[in-house]
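Colleague: The numbers in the numbering used here rise by one with no breaks, and the one at position 233 of the sequence shown is 559.
C-beta atoms are modelled at their ideal positions from N, C-alpha and C, and glycine is treated no differently.
Small disclaimer: the values here were computed from a predicted structure and weren't measured.
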Amino acid sequence: MQFGTSGVIAIVLAKGGWPLEQIAIYEALLFMGGIYTFFWLAGGNNALLQLYPKLDAEQGKQGLFNSFVLFTLAGILSGLLIYGTANLIIGKLTKFSTLPHLGLLAVYIALNAPTLFIHIYYLLLGQYRKIIHFGMVGFALQLAAVATPVLTGQGLEEVLWCLIGWAAFKFIWVLVLVYRHTHWQLDFSFLRKYGKLAVPLLLLAFIGKGSEYASTFMVTALFDEESAFAIYRYGAREIPLSLVMLSALATSLLPVASGNLEAGVRAIRKNTTRLSHVLFPVSIAFMVASPVLFPLVFSPEFKPSAYIFNTLAFYLSNRILMPQVLTMARGHNFAVTLSALIEFLAVVLLCYLLGRSFGLVGIAMGSVLAFFTDRIILIFYNWKKLGIHPSRYIDWRVYLIYNALLIAAYCISFQV
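1) Rounded to the nearest angstrom, how far is the Cβ of residue 777 from that of residue 359, given a contact under 8 Å?
2) Which parts of the segment 506-587 are runs of the alpha helix (DSSP H), unbroken and 4 residues or longer, counting only runs that do not cross its ends?
3) Mark residue 387 as exposed unless 16 or more other C-beta atoms lie within 10 angstroms of its C-beta, in which case mark it buried.
4) Out of curiosity, what's the CA-to-CA distance linking residue 453 and residue 504?
5) If we ignore side chains and look at the alpha-carbon of each, how far apart do residue 543 and residue 384 end up?
6) Looking at C-alpha atoms only, which residue of 699, 584, 675 is the closest neighbour of residue 658?
7) As a quick exercise: from 477, 500, 470, 400, pick the residue whose alpha carbon is nearest that of residue 488.
8) Taking the alpha carbon of residue 381 as the point to measure from, which residue in 366, 714, 450 has its own alpha carbon closest?
9) Inspect the beta-carbon positions of residue 732 and residue 609 and report whether they are closer than 8 Å.
10) With DSSP collapsed to three states, give me the class of residue 656.
11) DSSP state of residue 445, grouped into three classes?
12) Expressed to the nearest angstrom, what Euclidean distance is found between the alpha-carbon atoms of residue 518 and residue 716?
13) For residue 332, which three-state DSSP category applies?
14) Quick one: grab the DSSP three-state call for residue 702.
15) Considering only heavy atoms of the ligand FMN, does any lie closer than 7 Å to the CB of residue 545?
16) Could you round the C-beta distance between residue 575 and residue 601 to whole angstroms and report it? I think they count as a contact, below 8 Å.
17) What does the alpha-carbon distance come out to for the pair residue 599 and residue 522?
18) Grouping DSSP H, G and I as helix and E and B as strand, with all else coil, what is residue 663?
19) Going by other Cβ atoms of all chains shown within 10 Å of its Cβ, with 16 needed for buried, is residue 531 buried or exposed?
20) Should the segment 684-692 be regarded as contacting the segment 556-566, the criterion being three or more beta carbon pairs within less than 8 Å?
21) Can you check which of these residues, 390, 328, 441, 486, is closest to residue 512 by C-alpha distance?
22) Does any C-beta atom of chain B lie closer than 8 Å to the C-beta of residue 508?
23) Could you give the first and the last residue of the continuous alpha helix (DSSP H) run that contains residue 646?
24) Is the Cβ-Cβ distance between residue 367 and residue 439 less than 8 Å?
25) Does the Cβ-Cβ distance between residue 468 and residue 331 come in under 8 Å?
26) Taking all protein chains shown into account, decide if residue 735 is buried (16 or more other Cβ within 10 angstroms of its Cβ) or exposed.
27) Who are the Cβ neighbours of residue 714 in its own chain at under 7 Å, not counting the five residues just before and after it?
28) My assumption, with CB atoms under 8 Å, is that residue 393 sits in contact with residue 520. Please give the rounded CB distance.
29) If distances are taken between C-alpha atoms only, which option among 476, 718, 497 comes closest to residue 341?
30) Whose CA, out of 667, 674, 588, 695, lies closest to the CA of residue 641?
31) Which value, in whole angstroms, describes the spacing of the CA atoms of residue 491 and residue 426?
32) Restricting to Cα atoms, I'd like to know which of 398, 431, 400 is closest to residue 412.
33) What is the residue span of the alpha helix (DSSP H) that residue 714 lies within?
34) In chain order, what residues of the same chain lie with their CB nearer than 6 Å to the CB of residue 461, ignoring the 5 residues before and after it?
35) What residue range does the alpha helix (DSSP H) around residue 362 cover?
36) Rounded to whole angstroms, what's the CA-CA distance from residue 363 to residue 607? Just pull it up for me.
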């Protein structure tokens with residue numbers, strides 16, 4: 327639902343009559359909001375998932391309330407920081423002009439950020455169907471909040487006001503949820519335990535997920551035209567099928583490998599080979615068709631986005647390799663963190679160098695190559711430190727054949 331809504335909103339903006347520069351400003355505002363929130367949202371999410379199952383019923387009720395208080399305060403702080411520092415960062419580190427409506431963005435972030443844990447609360451409470459119900463209502467309203475003003479000829483300010491209304495609705499939803507299912511009492515022992523878990527996870531999220539933000543940020547640093555940001559953002563979309571299936575597979579294989587390393591090694595090889603027969607042909611088809619589809623689905627101005635999309639399709643070649651599962655299963659989390667840090671530095675360096683030489687496609691190339699750096703480091707670490715030869719969990723014949731076909735499709739796409 328999240329991927330689908332994001333895609334439909336992108337189409338609405340492109341088909342709704344907004345100029346490319348206004349779409350770029352909308353994308354830049356949401357991008358800045360993400361920079362100030364992504365790391366504490368991810369770290370807080372994972373810490374809560376780890377800590378809550380260890381609490382008894384009463385402690386759990388207090389824990390959910392205390393986490394809601396923390397998320398709300400973090401959302402307000404993020405909003406204040408956006409309002410006070412976003413244009414300073416933009417002015418110092420990018421070639422963008424100052425962004426408008428930062429006050430509205432700050433209010434939106436302050437209201438919306440705490441609601442991004444509603445599905446986690448339902449998960450912890452065991453109310454799984456309500457996750458779907460919330461998603462159906464929430465994402466339908468998000469689409470309406472953007473599409474209604476755009477299709478009635480309104481501008482960016484009206485869209486932001488509608489998004490604030492949508493965030494306020496969700497904030498009321500989470501208040502009702504917290505009122506019904508939690509015990510309203512501050513628990514400083516919980517906060518201490520939660521902080522000890524959350525801080526390292528927050529730092530790991532900042533390093534790992536930060537690579538994606540760093541590559542996009544490089545667009546604003548290297549290109550004067552604000553339209554370049556919209557073109558890059560529209561192309562910087564992985565095929566949802568690949569991302570969702572491989573992320574779910576990696577998550578499901580971790581407990582298998584943790585319990586029995588040999589079984590985990592066999593499961594990784596078997597499942598990644600099976601998925602290769604599905605995901606690579608789909609990616610090849612999308613790669614060849616994208617130069618035709620992007621102008622049709624969005625607008626002719628977004629045809630360059632297709633080549634960014636095709637370049638980032640090589641993320642599949644990275645994600646299908648899963649050395650991190652074995653590294654984490656053996657408890658060597660420090661190696662994963664160090665590798666993520668090296669990847670982050672590689673993103674900054676490669677995106678800058680390749681972006682200057684090859685433009686927006688070069689930035690996408692830098693992101694893919696940096697991700698390869700992370701995988702190569704962990705494959706080598708597993709081999710030399712943990713004694714797990716890469717051929718035990720990678721079917722090299724299948725991998726190399728499909729990647730050769732992917733490279734051929736990439737070259738063909740530039741002729742379309």
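Modeller: On the basis of the supplied data:
1) The requested residue 777 does not occur in the structure, where the chain is confined to residues 327 to 742.
2) Segments of the alpha helix (DSSP H) lying fully in the segment 506-587: 514-548, 553-561, 566-585.
3) So residue 387 counts as buried.
4) C-alpha separation (whole angstroms): 14 Å.
5) Taking the straight line from one Cα to the other gives about 44 Å.
6) Ranking the options by Cα distance to residue 658, first place goes to 584.
7) Distance from the Cα of residue 488 is smallest, within the candidate group 477, 500, 470, 400, for 470.
8) Nearest option by C-alpha distance: 450.
9) Less than 8 Å divides the Cβ of residue 732 from the Cβ of residue 609.
10) Looking at residue 656 - three-state DSSP - the assignment turns out to be coil, as it is neither helix nor strand.
11) Under the three-state reduction of DSSP output, residue 445 falls in the helix class.
12) Residue 716 has its alpha-carbon roughly 41 Å from the corresponding atom of residue 518.
13) DSSP, reduced to helix, strand and coil, places residue 332 within a helical segment of the structure shown.
14) Annotated three-state conformation of residue 702 is helix, per DSSP.
15) Absence of the ligand FMN is noted for the structure shown, with no ligands found whatsoever.
16) A Cβ-Cβ separation of about 7 Å places residue 575 in contact with residue 601 under the 8 Å criterion.
17) If you draw a straight line from the Cα of residue 599 to the Cα of residue 522, it is about 39 Å long.
18) Residue 663 falls in the helix class under three-state DSSP.
19) Buried: at least 16 other Cβ atoms inside 10 Å.
20) Contact between the segment 684-692 and the segment 556-566 is present: three or more C-beta pairs spanning the two stretches fall below 8 Å.
21) For residue 512, the nearest C-alpha among the options comes from 390.
22) Here there is only one protein chain, and chain B is not present.
23) Counting along the chain, residue 646 falls outside any alpha helix (DSSP H), and DSSP gives it neither H nor E.
24) Against a cut-off of 8 Å, the Cβ pair of residue 439 and residue 367 comes out as a contact.
25) Yes, Cβ-Cβ distance for residue 468 and residue 331 is below 8 Å.
26) By the 10 Å Cβ count, residue 735 comes out buried.
27) Cβ neighbours of residue 714 within its own chain (closer than 7 Å, five residues either side excluded): 591, 652, 708.
28) Separation of the CB atoms of residue 393 and residue 520 is rounded to 7 Å, and the pair is thereby assigned contact status at 8 Å.
29) Selected option, being the one with the closest Cα: 476.
30) Cα-wise, what sits closest to residue 641 is 695.
31) Distance between the alpha carbons of residue 491 and residue 426 is about 19 Å.
32) When only C-alpha atoms are compared, the closest one is 431.
33) Run containing residue 714: none; DSSP gives neither H nor E here.
34) Excluding residues within five positions, the ones whose Cβ falls inside 6 Å are 327.
35) Per DSSP, the unbroken alpha helix (DSSP H) holding residue 362 starts and ends at 346-377.
36) CA-to-CA, the gap between residue 363 and residue 607 works out to about 36 Å.
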